[in-house]
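J.: Numbering (my numbering), first residue to last: 91 to 289. We put the CB at the ideal spot given by N, CA and C, even for glycine. Note that the coordinates shown come from a computational prediction; the quantities given were computed from them, not determined experimentally. I'd like to ask you about the structure that follows.
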Amino acid sequence: MALFRFSTEPPTRPLIRTENLILRAPQASDYAAWSLLRIESRAFLTPWEPVWNEDDLTRNSFRLRVKRAAREIAADEAYSLFLLDARSEMLLGGLTLGLVRRGVAQACTLGYWMGARHAGKGHMSEAVRGALRFAFQDLALHRVEAACLPNNEPSRRLLERVGFRHEGLARSYLRINGAWADHLLYAALASDRLPGEGR
Numbered sequence: 091m092a093l094f095r096f097s098t099e100p101p102t103r104p105l106i107r108t109e110n111l112i113l114r115a116p117q118a119s120d121y122a123a124w125s126l127l128r129i130e131s132r133a134f135l136t137p138w139e140p141v142w143n144e145d146d147l148t149r150n151s152f153r154l155r156v157k158r159a160a161r162e163i164a165a166d167e168a169y170s171l172f173l174l175d176a177r178s179e180m181l182l183g184g185l186t187l188g189l190v191r192r193g194v195a196q197a198c199t200l201g202y203w204m205g206a207r208h209a210g211k212g213h214m215s216e217a218v219r220g221a222l223r224f225a226f227q228d229l230a231l232h233r234v235e236a237a238c239l240p241n242n243e244p245s246r247r248l249l250e251r252v253g254f255r256h257e258g259l260a261r262s263y264l265r266i267n268g269a270w271a272d273h274l275l276y277a278a279l280a281s282d283r284l285p286g287e288g289r
């Protein structure tokens, strides 16, 4: 059972805080920064994401996204979070602990994206480490799964650097950029000794 319960309004306090980052639910006031970052990063993100809907970047679509994120957090179904620089509060990207499964699984799936101008600076490694602590300690999950395209070398290196272990290949796993694509499967367990941890 998650320790956090919210109404369908987005939580305003950070769910995760690291040395340099704040990870919190999206809010309606994030629309301008989010849409600008997504627009300027479109070419950078397109090879790794599903095809964007025509109305994906509209204010109305974003408002629905914010409401869905708050509802899913309240129901302990998914934790869609924005990554912000802790000092400037500039939006850097996003991270989701999604498809939370309780019962005998106690697992979730990790997904993430980074704005083009913020990529390659270590922000996502720090964010994923914080997300793993949150998943294992605060949400009491046992397993966090992740998948990436075989040719996405930066994502592969990131997952391995923060302690995920490669578990296999899923054929035609997700529809990415308009085509079904194989993905490499990774997982981290609460019992794993993750890099940088003293346990």
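1) Among residues of its own chain, excluding the 5 on either side of Leu284, which ones have a beta-carbon nearer than 6 Å to its beta-carbon?
2) Quick check: the Cα distance between Ala165 and Arg158, rounded to an integer number of angstroms?
3) Tell me, please, whether the region 135-144 touches the region 259-269 by the rule of three or more beta-carbon pairs shorter than 8 Å.
4) Assuming Glu130 and Ala206 form a contact by the criterion Cβ under 8 Å, report the distance between their Cβ atoms to the nearest whole angstrom.
5) What is the DSSP secondary structure of Ala197, counted as helix, strand or coil?
6) So within the region 127-204, which uninterrupted alpha helix (DSSP H) runs reach at least 4 residues, ignoring any that extend past its ends?
7) Please return the same chain residues whose Cβ sits closer than 6 Å to the Cβ of Ile106, not counting the five positions on each side in sequence.
8) So, at 8 Å on beta carbons, what are the nonlocal neighbours of Trp124 in its own chain, with the 5 sequence-adjacent residues on each side left out?
9) Taking Cβ to Cβ, would you say Ala197 is nearer than 8 Å to His232?
10) Buried or exposed: where does Val194 fall if 16 or more other Cβ atoms within 10 Å of its Cβ makes it buried?
11) Let's see if you can read the secondary structure: which residues bound the beta strand (DSSP E) around Leu111?
12) Is it the case that the Cβ atoms of Gly188 and Trp203 are separated by a distance below 8 Å?
13) Please state whether the Cβ-Cβ distance between Ala277 and Glu235 is less than 8 Å.
14) In terms of alpha-carbon separation, which member of Leu111, Asp272 and Ser262 lies closest to Arg177?
15) Select from Val190, Gly212 and Ala168 the residue whose C-alpha is nearest the C-alpha of Asp296.
16) List the endpoints of the continuous alpha helix (DSSP H) containing Ala221.
17) Put Arg247 into one of helix, strand or coil per three-state DSSP.
18) What does DSSP give as the partner residue(s) for Tyr276 in the beta ladder?
19) Can you tell me whether Arg107 is helix, strand or coil according to DSSP?
20) Among the residues of its own chain, which have a CB less than 8 Å from the CB of Glu257, if the five just before and after it don't count?
21) Work out the CA separation of Leu135 and Arg251 for me, nearest whole Å.
T.: Looking at the coordinates:
1) As a first step, residue 284 must be located in the sequence shown, where it is residue number 194. Result list for Leu284: Gly253, in chain order.
2) Counting from one through the sequence shown, the residue named residue 165 turns up at place 75. Counting from one through the sequence shown, the residue named residue 158 turns up at place 68. Distance between the alpha carbons of Ala165 and Arg158 is about 10 Å.
3) The region 259-269 and the region 135-144 touch, with three or more beta-carbon pairs separated by less than 8 Å.
4) Here residue 130 is taken as the residue at index 40 of the sequence shown, counted from 1. Here residue 206 is taken as the residue at index 116 of the sequence shown, counted from 1. With a contact defined as Cβ atoms closer than 8 Å, Glu130 and Ala206 qualify at about 7 Å.
5) On the sequence shown, position 107 is the one that residue 197 refers to. DSSP places Ala197 in strand when its eight states are reduced to three.
6) As far as the region 127-204 is concerned, its whole alpha helix (DSSP H) runs of at least 4 residues are 132-135 and 149-164.
7) As a working note, residue 106 is residue 16 in the sequence shown. So the list reads Leu113, Gly220 and Phe224, once near-sequence residues are dropped.
8) Start at 1 with the first residue of the sequence shown, and residue 124 comes out as number 34. Here the set comprises Pro116, Phe152, Phe172 and Leu181.
9) In the sequence shown, residue 197 corresponds to position 107, counting from 1. In the sequence shown, residue 232 corresponds to position 142, counting from 1. Taking 8 Å as the Cβ cut-off, Ala197 and His232 qualify as a contacting pair.
10) As a working note, residue 194 is residue 104 in the sequence shown. The residue is exposed, with fewer than 16 neighbouring Cβ atoms inside 10 Å.
11) Position 21 of the sequence shown, counted from the first residue, corresponds to residue 111. Where Leu111 is concerned, the enclosing beta strand (DSSP E) stretches over Leu111 to Arg114.
12) Walking along the sequence shown from the start, residue 188 turns up at place 98. Walking along the sequence shown from the start, residue 203 turns up at place 113. Gly188 is not a Cβ neighbour of Trp203, given a cutoff of 8 Å.
13) As a position in the sequence shown, residue 277 is number 187, starting the count at 1. As a position in the sequence shown, residue 235 is number 145, starting the count at 1. With a cutoff of 8 Å on beta-carbon distance, Ala277 and Glu235 are scored as near each other.
14) In the sequence shown, the residue the question calls residue 177 occupies position 87. Closest option to Arg177, Cα to Cα, is Leu111.
15) Nothing about residue 296 can be reported from this structure: the residues present for the chain run from 91 to 289 only.
16) Taking the sequence shown and counting its residues from 1, one reaches residue 221 at position 131. Secondary structure note for Ala221: its alpha helix (DSSP H) is the uninterrupted segment His213 to Arg223.
17) Numbered from 1 along the sequence shown, position 157 holds the residue referred to as residue 247. Three-state result, Arg247: helix.
18) Along the sequence shown, one-based indexing puts residue 276 at 186. Paired residue(s): Ala236 and His256.
19) Within the sequence shown, numbered from 1, the residue matching residue 107 stands at position 17. Arg107 sits in a strand when the DSSP states are folded into three classes.
20) Taking the sequence shown and counting its residues from 1, one reaches residue 257 at position 167. Around Glu257: Leu275, Tyr276 and Ala277.
21) Taking the sequence shown and counting its residues from 1, one reaches residue 251 at position 161. Taking the sequence shown and counting its residues from 1, one reaches residue 135 at position 45. Using only the alpha carbons, I get a separation of about 21 Å.
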